[in-house]
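Asks: Provided herewith is a single structure, encoded as structure tokens, for subsequent inquiry.
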Amino acid sequence: MMTTNFLNDLAVYTNNRVTKVVINDTHTIDQFEIKEATASDILIKYMVRQGMVQTVNKIDLRDANDKVISTNNVFVPITSDTLLLQRIKIKEV
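This is how it looks when you write it as structure tokens:
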């Protein structure tokens, strides 16, 4: 079993690798309200501005080299400026 300290280290490493969010493969967000690693969680909070897209269908977290770290298919209608909060749990399964 992995130790809590090691899982925390993985969360910090992953948080440091994430430099941007890409919405629907076309819109990049690199300004975050929150981007932090706490315990074995990563929290990323960012704004999707009204007019950027009508619906968020896909969210990619990417690194500085534009490599995908995480991808999620979602359905989030955007009718006004919308704050999205992503929580990534680092755990052993």
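Following our numbering, the numbering of the sequence shown begins with 726 at its first residue and continues without gaps. Don't be surprised by glycine CBs; every beta carbon is placed ideally from N, CA and C.
Looking only at C-alpha atoms, which of N749, T729 and Y738 sits nearest to V799?
Replies: N749
Asks: Among all the DSSP beta bridges, which residues are the ones paired with K760?
Replies: Beta bridge pairing from DSSP links K760 with I769.
Asks: Since I759 and Q779 should fall inside the 8 Å C-beta cutoff, what is the C-beta to C-beta distance between them, to a whole number of angstroms?
Replies: Actually they do not touch by this definition, with Cβ atoms about 25 Å apart.
Asks: If we call anything under 8 Å between Cβ atoms a contact, is I744 one with D788?
Replies: Residue identity differs from the one stated: residue 744 is Thr in this sequence, not Ile. Yes, they are a contact pair.
Asks: Taking a contact to mean a Cβ-Cβ separation below 8 Å, would you say I784 touches N797 in this structure?
Replies: Closer than 8 Å, so yes.
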